[in-house]
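A quick write-up on the structure given underneath.
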Amino acid sequence: MWKFLLRRVLIMIPQMIILSILIFALAKAMPGDALTGKQLDPKASPERIAEIRKQMGLDDPVHVQYVNWIKNVVKGDFGISYTHKLAVTDVIGERIGNTVLLALCVFILTYILAIPLGIISGRWNDTWADKLVTGYNYIGFATPLFIFGLIILFIFGFYLDLFPTGGSVDPQIDNGTFAYYMSKLQHLVLPSMAGALISTVGISQYLRSEIIDTKVKDFVRTAKSKGVPESKIYSRHILRNSFLPIAAFLGYEITGLIAGSIFLESIFGYPGIGQLFIKSVMLRDFTVVNALVLMTSLATLFGTLISDIILSIVDPRIRID
286 MWKFLLRRVL IMIPQMIILS ILIFALAKAM PGDALTGKQL DPKASPERIA EIRKQMGLDD
346 PVHVQYVNWI KNVVKGDFGI SYTHKLAVTD VIGERIGNTV LLALCVFILT YILAIPLGII
406 SGRWNDTWAD KLVTGYNYIG FATPLFIFGL IILFIFGFYL DLFPTGGSVD PQIDNGTFAY
466 YMSKLQHLVL PSMAGALIST VGISQYLRSE IIDTKVKDFV RTAKSKGVPE SKIYSRHILR
526 NSFLPIAAFL GYEITGLIAG SIFLESIFGY PGIGQLFIKS VMLRDFTVVN ALVLMTSLAT
586 LFGTLISDII LSIVDPRIRI D
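For reference, each letter of the sequence shown is one residue, going 286 to 606 in the working numbering.
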């Protein structure tokens, strides 16, 4: 196990270097620069703008800018946000908690819904219950997240007026009170429900297919021929083997939720790093964009590592040493 972990971590080092180069190159390839989104004096002379650009290091060669950026990133310094006039770590730190909380709620709701639906659909396939689940899955596969989110927002937010339609908490409530946390919960309901209902589709359909395939394998037939009760066959043989692929994709689901937060936060006006990313791109605030893309990329790499570790634990047949 330790050899496997060491090998995977060593492989991640060149991956991180390549990712950092790609992120920096893509940011530089975008039209405009940091001064394009900076609120300058409209009367500023070209000489003044050139002076500011020099002070910010935008006139340095690209490779010099990259090296300086990497040196600061290693120290935990992502620079200053040109839009917010604050350190990038402070800007992201104000919002990352909301994104993590939203992703956690979506993650928990997804598996609470997907696992029972997948089991019901797979165990009693070709019944009316299976047809309902697969029908919902087909609709979910065909519906983009932003369309589904808008439908949820219109029905439960505007038409029925059951939940807030924007923000993360009521600004009129004092921080730390019971009403404050209840308000946070109410603001999480709609984006969490939209994200979970869409994420459920793939997991439940995949679990259904795994259960159906496992039911006809030889070791299941052998257990039935020996008179093993059906409940034990499902719990000890079918479900255990069917959950292996789901467990393997656990890390990918976590990183996918972070990426999906861009759509959820934009639709529901939820102040997280997804919404911050969109605004930073529009304002050419590349210090924030680079930091967010780098964080998401690193989370993807670690999510892959988590998936490999989980798969090696739940399936002892896999020899990773």
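All C-beta atoms in this analysis are idealised placements derived from N, C-alpha and C, irrespective of residue type, glycine included.
The three-state reading of DSSP puts Ile302 in helix, counting H, G and I together. Secondary structure remark: continuous alpha helix (DSSP H) runs of at least 4 residues inside the region 330-385, in chain order: 331-340 and 347-359. Put simply, of Leu417, Val486, Ser406 and Asp455 the residue whose alpha carbon is nearest the alpha carbon of Asp498 is Ser406. In the three-state scheme derived from DSSP, where H, G and I count as helix and E and B as strand, Ile458 is classed as coil. Of the residues assessed, Phe562 falls on the buried side of the cut-off, its CB having 16 or more other CB atoms within 10 angstroms. Around the CB of Trp413, fewer than 16 other CB atoms lie within 10 Å, so the residue is classed as exposed. For the options Ile381, Ile393, Val474 and Ile458, the alpha carbon positioned closest to that of Gly451 is the one of Val474. Of the candidates Phe441, Ile400, Lys509 and Pro514, the residue whose Cα lies closest to the Cα of Leu492 is Ile400.
In terms of Cα proximity to Arg380, the closest of Leu586, Leu579, Gly559 and Leu549 is Gly559. For a cut-off of 8 Å, the C-beta gap from Leu402 to Ser582 is around 32 Å, too long to register as a contact. Around the Cβ of Gly557, a 10 Å sphere holds 16 or more other Cβ atoms; the residue is buried. Looking at the backbone, the Cα of Ile393 and that of Met478 are separated by about 11 Å. The closest CA to that of Thr585, considering only Asn383, Val566, Glu538 and Ser366, is found on Glu538.
Taking the C-beta atoms as reference points, Ala312 is found no nearer than 8 Å to Ile543.
Contact annotation: His522 and Phe504 have beta-carbon atoms nearer than 8 Å. The region 567-578 and the region 361-374 touch, with three or more beta-carbon pairs separated by less than 8 Å. Taking 8 Å as the cut-off, the beta carbon of Ile483 is found no closer than this to the beta carbon of Phe441. Between Leu386 and Ile552, the beta carbon gap of about 17 Å keeps them out of contact (Cβ cut-off 8 Å). Per DSSP, reduced to three states, the secondary structure at Leu549 is helical.
Our two residues, Leu535 and Arg338, have alpha carbons roughly 44 Å apart in a direct line. Judged by DSSP in its simplified three-state form, Val578 adopts helix.
One thing to note: Asn383 has its Cβ no nearer than 8 Å to the Cβ of Ser468.
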